[in-house]
Amino acid sequence: MDFAVLHDWDLDPRQAVALQRELAQQVRLMPTVAESPATVAGVDVSYEKHGDHFFAAVVVLDFATLNVVDQAWADGWVDFPYIPGLLSFRELPVLLAAFHRLKTVPDVVLVDGQGIAHPRRIGLASHLGLWLNLPTVGCAKSRLCGVHDEPGVMRGEAAPLLLADEVVGMVLRTRERVKPLYVSPGHLTDVASATRLTLACTRRYRMPEPTRLAHHLTNQLRRAALSS
DNA sequence: GCGACAG
DNA sequence: ATCTTGTCGC
Numbered sequence: 001m002d003f004a005v006l007h008d009w010d011l012d013p014r015q016a017v018a019l020q021r022e023l024a025q026q027v028r029l030m031p032t033v034a035e036s037p038a039t040v041a042g043v044d045v046s047y048e049k050h051g052d053h054f055f056a057a058v059v060v061l062d063f064a065t066l067n068v069v070d071q072a073w074a075d076g077w078v079d080f081p082y083i084p085g086l087l088s089f090r091e092l093p094v095l096l097a098a099f100h101r102l103k104t105v106p107d108v109v110l111v112d113g114q115g116i117a118h119p120r121r122i123g124l125a126s127h128l129g130l131w132l133n134l135p136t137v138g139c140a141k142s143r144l145c146g147v148h149d150e151p152g153v154m155r156g157e158a159a160p161l162l163l164a165d166e167v168v169g170m171v172l173r174t175r176e177r178v179k180p181l182y183v184s185p186g187h188l189t190d191v192a193s194a195t196r197l198t199l200a201c202t203r204r205y206r207m208p209e210p211t212r213l214a215h216h217l218t219n220q221l222r223r224a225a226l227s228s
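Take the first sequence: its position 174, counted from the start at 1, is 174 in the UniProt record's numbering, and no numbers get skipped.
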């Protein structure tokens, strides 16, 4: 499975929404993900402001030490437009291409985006989880949908994210007095474990180490390609 | 109809 | 997401 194949979804936005409604039924929320996974991966994508050349990276860390144990990347061209709610149709293909080059299979994957905190309960993290058949967690920097109170200012404090009176995630403070993260389960996990895992992977920065490192790698790849 | 709107 | 320099606060 390479990028060309993955990219050939050939869907228009309307068909993408229909596909999401189908796939959303396959998303499984488990009472808990492995209490202490051996490895945790982070994924991210970057590209030029008005460009279609995408770079994806996946970094695998040892959960206990947060040391990098494996990583891979891929690039490709995307034509699907950015539409709130349809992000996965832009980022998933190149992300899966990067995953395919990984030698390791992580126990859980942290994603830069929403999980079930999505209008149709299938954000990028959930969609990726279905493809990989792995537990995934959505760690978004901002809100797509849902309502919530402001969480306390201390690290670890959180406020439930509600969508149609349902708790779909947590607005989690990963650093004292710093803008909180929108954490939601992607697939094969649940709100509580997604929140615990995200906090356990967060150290000195707002973003958890796995996605933060993936973001870093993805940026240097793009800048390297830009200067050549 | 109007406003919101991951990356 | 990305464009961009300095600057305010812990």
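Every residue, glycine too, gets a C-beta built ideally from N, C-alpha and C.
Between the CA atoms of residue j and residue i - distance to the nearest angstrom
i           : j    : result
V167        : R173 : 17 Å
V108        : G169 : 17 Å
V59         : L130 : 19 Å
R196        : R143 : 19 Å
L128        : V45  : 13 Å
residue 280 : M207 : Past the edges of the chain, shown from 1 to 228, lies residue 280, and the structure says nothing about it.
V137        : S227 : 34 Å
P210        : P13  : 30 Å
V183        : A117 : 8 Å
E91         : L124 : 8 Å
R203        : L162 : 27 Å
L87         : Y205 : 25 Å
T32         : P185 : 10 Å
T198        : H216 : 18 Å
L66         : L213 : 11 Å
W9          : A24  : 18 Å
C145        : V171 : 12 Å
A224        : W73  : 13 Å
Selection from the options that minimises the alpha carbon distance to residue i
i           : options                : result
E150        : S88, T32, A159, A214   : A159
L61         : F54, T39, F55, S46     : T39
P93         : G76, P81, S184         : G76
A18         : R121, V171, T65, S193  : R121
K49         : E22, N67, Y82, L66     : Y82
V105        : K141, P135, Q26, G146  : P135
R101        : A57, G146, H215        : A57
C139        : C145, A194, H148, F55  : A194
P180        : E157, A192, D165, A164 : E157
Q15         : F99, V147, F80         : F80
L110        : W9, Q26, Q25, G42      : G42
residue 230 : A192, H148, K141, D165 : The requested residue 230 does not occur in the structure, where the chain is confined to residues 1 to 228.
Same chain only: Cβ atoms within 7 Å of residue i, ignoring 5 sequence neighbours per side
i           : result
A200        : none
M30         : L188, T189, D190
E176        : V153, M154, R155
R28         : H187, L188
L11         : L19, F89
D2          : Here the model assigns D2 a pLDDT of 46, short of 50, so the residue's position is not dependable, and the following value carries that caveat. Closer than 7 Å at Cβ, skipping near neighbours: A97.
residue 258 : The structure shown does not extend to residue 258, since the chain is modelled only from 1 to 228, so the question has no answer here.
S36         : F63
Residues near residue i in its chain [Cβ-Cβ closer than 6 Å; skip 5 each side]
i    : result
G85  : P119
V69  : V60, D62
D112 : D44, T211
F55  : S46, D75, T218, L221, R222
S126 : V27, G115, I116, G186, H187
Cross-strand partners of residue i (DSSP beta bridge)
i   : result
T39 : D62
Q71 : V59
Three-state secondary structure (DSSP) of residue i
i    : result
T211 : helix
T202 : coil
M154 : coil
P93  : helix
F80  : coil
L23  : helix
S126 : helix
S88  : helix
A225 : helix
V17  : helix
S142 : coil
H50  : coil
A159 : strand
H187 : strand
The ligand ZN heavy atom lying under 7 Å from the CB of residue i
i    : result
A140 : In the structure shown, the ligand ZN is absent, as is every other ligand, since no ligand is present at all.
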